[in-house]
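These protein sequences, in sequence, are chains A and B.
Residue 1 is where the first sequence starts when you use the working numbering, and the numbers rise one by one after that.
Residue 1001 is where the second sequence starts when you use the working numbering, and the numbers rise one by one after that.
Every residue gets a Cβ at the ideal spot worked out from N, C-alpha and C, and that includes glycine.
Number of protein chains: 2
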Amino acid sequence: MRPTVHDIAAAAGVSLATVDRVLNQRPGVRHVTREKVESAIREIGYVRDVAAANLAKGRTYSFVFIVPASDNSFMHGLNAEVMAAVARSPVERTDIRTLEVPAFDPAALAAALDTLRDERPAGVALVATDAPEVRDAVDRLVQDGIPVVTVVSDLTGSLRHHYAGVDNIAAGRTAARLLGRFLGGASGDVAVLAGSMLVRDHRERLEGFAAVMAEEFPGLSILPVIEGRDDPDMAHMLVSDALSKRDGIIGVYSLGAGNRGLIRALKEKSVDRALTVIAHELTDHTRIALLDGTIDAILNQDAGHEVRSAIRVLKARADGLSVIDAQERIRLDIFLKDNLP
Amino acid sequence: MRPTVHDIAAAAGVSLATVDRVLNQRPGVRHVTREKVESAIREIGYVRDVAAANLAKGRTYSFVFIVPASDNSFMHGLNAEVMAAVARSPVERTDIRTLEVPAFDPAALAAALDTLRDERPAGVALVATDAPEVRDAVDRLVQDGIPVVTVVSDLTGSLRHHYAGVDNIAAGRTAARLLGRFLGGASGDVAVLAGSMLVRDHRERLEGFAAVMAEEFPGLSILPVIEGRDDPDMAHMLVSDALSKRDGIIGVYSLGAGNRGLIRALKEKSVDRALTVIAHELTDHTRIALLDGTIDAILNQDAGHEVRSAIRVLKARADGLSVIDAQERIRLDIFLKDNLP
DNA sequence: AAAAATTTGATTTACGTACATCAAAAATGG
DNA sequence: CCATTTTTGATGTACGTAAATCAAATTTTT
């Protein structure tokens, strides 16, 4: 049987009340007594029964999920996953609230984070925008003792406790190797379509991509990055334009969201030429494009996993428990035609 | 607030005792009363607080994990993951016992399964060997009301409740496309190294591989499968032999476990020729080979995920709860040099 | 309609922990 | 050494559910 608080009391030779004071860090225990209890806890290997504790506390973890009000398929998917988590939340003794903030607006995000300082939720998850003011706001929350995790996009240099997202440099490197290998030994130009170079994940993907391209595929040269602002029409125009102007393009890497415009442009232009295309994020559109051969591989991060992982990590933090690291590692999914879920 | 049993009682106009009788399927409730309670449950949307219920029951789920006594890196890894789960088990109110049975021995596995019928554990997970006697033994367990999930290797046609493993046909197809694309448009022979064609996962991988090869890469022809019985020395000999005899070989697909022999053979023979190699299962050996360029891509199933998923599914079954399907889908990991964990 | 059987209600205890209260004991200050 | 403060113990209630007991009400059988 698992040891209980009673066993601690017996082992330490103190009363239940004292054990409780130690366990819940209540005042009024002499230093020596506290040590006695703590060593008893270690000796008999007591671990608090979190379920029973939560029952007694009547506790519900109130978490806040901050998502950008962005209008692309990926963010819609992420939102849906958060909503699914909200739907499940009563069963898991969590009470998840979502907060929408304008996308790419550091000031608004920082302001939203600061309001949470008073509210003191049991944890905060956010899709971070990489800016000093956001970093500072996150640090303030952490210093107030509130668990914070970033999702999808990280905030390096901040005090956030955890990042539930993929390694974007590795993603870029992987894309480069796939593209390079798929192109065989061919020489030519590679077009890169990004949302915006102001977003950290996009910068990192490009960085990884460029590094491997330079190291391993000298025959391929990267054209200046096309910034489509994750807007279908804009992407369509810019990509069409690029493909018309440069017929040396043999490969495309789309590292941002909003691939609808890209796909349209590819369909129009690729009738007479063979292009190898790697894109990010599995959505309805990219899935169809992968199946019909317009896209050759899709790199993906599973939004559902990210959301669930973020919640698990916040919960563990709130309880002072540890997580299974391997379980919380968000993997980079590589999808070809054949292994689609 | 979540509704409780008291709320059901009030809503249905019956006593707590009656609610309890209905909830726990105890006898002595008239049909009409039972219906009244059940509709009240639906109306107010009651869901049992599993944590409280388990606390009251003093319940510990006792699960049995049957693993083959196989001596390859993958099975060692699986075993380690099961052990890690055992270590965590007290915290999760589970009591996991492992049972080792000889590998590839259907009779022994079936016998082991049959002993469990008396023991009546709360759930059984097994790495299935694909044989009628195993299927029958599994069906008997299921018919006795014991939750059963297969791990890594499935048992199609049986009544098992769930399979925690990858889609091996998709894995084979993916391997074929990767290999075909990596080889550009080149023509030549492809060698396939398997453990044994008697194992279902290996057969399925080959099936998927051969299908895509035939459909999409007519320039590549698959040589007769080499069966290395997952034995390093045997694999080394057979692969060396094949590489010496046929210098038309430009690609290798290793779909089984035990890649040490393969890697050794490749290192010896590939000094003077360029081979493209796809292998299964990320282990210390394959990881090094991937990094040094001996292997070009590794397909992997995450044993840790499989074990944790199996346990989650068994627990949910035991509680009569549903699982999050997307969370329990075991993904096929594709590793290149750049996205290794 | 009475006897027997079945169904329902009322109540209690338990699970492991949290938290509060009050009394008793011990340590500390002057 | 007494008064005061601090520390400790004893005890009870609560969380939501399970499970048991016994009495009361209802239904079924004869």
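**OP:** Keeping to the same chain, check which residues put their C-beta closer than 6 angstroms to that of Arg1097 (chain B); ignore five residues upstream and five downstream.
**Re:** Val1064
**OP:** Check whether the Cβ atoms of Gly188 (chain A) and Gly248 (chain A) lie closer than 7 angstroms to each other.
**Re:** yes
Subject >> Span separating the alpha-carbon of Leu321 (chain A) from that of Lys1057 (chain B) >> reply: 25 angstroms
Subject >> Against chain B: residues of the segment 261 to 277 of chain A by CB proximity under 7 angstroms >> reply: none
Original post:
Given Val1022 (chain B), which residues of its chain have a CB within under 7 angstroms of its CB, disregarding the five upstream and five downstream residues?
Top reply: Val1029, Arg1034, Val1037 and Glu1038
Original post:
For Met1213 (chain B), is the classification buried or exposed, using 16 other Cβ atoms within 10 angstroms of its Cβ as the cut-off for buried?
Top reply: buried
**OP:** Flag this pair as yes or no: are the beta carbons of Phe209 (chain A) and Ala170 (chain A) separated by less than 7 angstroms?
**Re:** no
Original post:
Between the segment 15 to 28 of chain A and chain B, which residues of the former have CB atoms less than 7 angstroms from a CB of the latter, in chain order?
Top reply: none
**OP:** Out of B:Ala1009, B:Ala1052, B:Asp1338 and B:Arg1002, point me to the one whose CA is closest to Arg205 (chain A)'s CA.
**Re:** B:Asp1338
Subject >> Below-7 angstroms beta-carbon distance, Ile1334 (chain B) vs any chain A residue >> reply: yes
Original post:
Under the rule that 16 or more other beta-carbon atoms within 10 Å means buried, what is Ala242 (chain A), buried or exposed?
Top reply: buried
**OP:** Establish whether the CB of Gly1184 (chain B) and some CB of chain A are separated by less than 7 angstroms.
**Re:** yes
**OP:** Kindly indicate which three-state DSSP category Arg97 (chain A) falls into: helix, strand or coil?
**Re:** strand
Subject >> 7 angstroms Cβ cutoff met for His236 (chain A) and Ala194 (chain A) >> reply: no
**OP:** Please determine, among B:Arg1246, B:Val1166, B:Val1152 and B:Arg1117, the residue with the shortest C-alpha to C-alpha distance to Ile1330 (chain B).
**Re:** B:Val1166
**OP:** Would you mind sorting Pro1027 (chain B) into buried or exposed? The rule is 16 or more other CB atoms within 10 Å of its CB.
**Re:** exposed
Subject >> Spatial distance of Met234 (chain A) from Ala303 (chain A) (CA atoms) >> reply: 25 angstroms
Original post:
Is there at least one Cβ from chain A nearer than 7 angstroms to Leu1055 (chain B)'s Cβ?
Top reply: yes
Original post:
Exposed or buried, what is Gln1301 (chain B) when buried is set at 16 or more other beta-carbons lying within 10 Å of its beta-carbon?
Top reply: buried
**OP:** Let me know the alpha helix (DSSP H) ranges lying completely inside the segment 41 to 104 of chain A, each 4 residues or longer, listed in chain order.
**Re:** 50 to 57 and 73 to 88
Subject >> 7 angstroms Cβ cutoff, Ala164 (chain A) in contact with chain B >> reply: no
Original post:
Could you give the distance in angstroms between the alpha-carbon of Asp311 (chain A) and the alpha-carbon of Ala125 (chain A)?
Top reply: It is worth fixing the name first, because residue 311 (chain A) is Ile in this sequence and not Asp. Their backbone Cα atoms lie some 8 angstroms apart in a straight line.
**OP:** Spell out whether any CB of chain B is found under 7 angstroms from the CB atom of Pro218 (chain A).
**Re:** no
**OP:** Measure the beta-carbon distance from Arg1229 (chain B) to Ser1153 (chain B) and round it to whole angstroms, keeping in mind my assumption that it falls under 8 angstroms.
**Re:** Actually they are not in contact, since the Cβ atoms of Arg1229 (chain B) and Ser1153 (chain B) sit about 16 angstroms apart, beyond 8 angstroms.
Original post:
Considering only C-alpha positions, which residue in the set A:Ile41, A:Glu268 and A:Leu179 is nearest to Gly251 (chain A)?
Top reply: A:Leu179
**OP:** Look at Ala1040 (chain B) and Ile1008 (chain B) and say whether their C-beta atoms are less than 7 angstroms apart.
**Re:** yes
Original post:
So Thr1294 (chain B) and Ile1263 (chain B) are in contact, right, with Cβ under 8 angstroms, and what is the actual spacing, rounded?
Top reply: 6 angstroms
**OP:** Could you tell me which chain B residues have their CB closer than 7 angstroms to the CB of Gln301 (chain A), listed as they occur along the chain?
**Re:** Simply none; closest approach about 12 angstroms.
Original post:
What number of angstroms, rounded off, separates the C-alpha of Val127 (chain A) from the C-alpha of Glu328 (chain A)?
Top reply: 17 angstroms
Original post:
Residues bridged to Val148 (chain A) by DSSP?
Top reply: A:Val124
Subject >> Boundaries (first-last residue) of the alpha helix (DSSP H) holding Ala279 (chain A) >> reply: Ala279 (chain A) -> not in any alpha helix (DSSP H); beta strand (DSSP E) instead, spanning Thr276 to His280.
Subject >> Whole-angstrom C-beta distance between Leu1078 (chain B) and Val1307 (chain B), which should lie under 8 angstroms >> reply: 7 angstroms
Original post:
Which residue from A:Asn54, A:Val138, A:Glu268 and A:Asp325 puts its Cα closest to that of Thr115 (chain A)?
Top reply: A:Val138
Original post:
At which residue ranges does the segment 188 to 219 of chain A contain complete beta strand (DSSP E) runs of 3 or more residues, listed in the order of the chain?
Top reply: 188 to 194
Subject >> Proximal chain A residues relative to Lys1337 (chain B), where beta-carbon distance stays under 7 angstroms >> reply: Arg177
Original post:
Per DSSP, what kind of secondary structure is Asp333 (chain A) in: helix, strand or coil?
Top reply: strand
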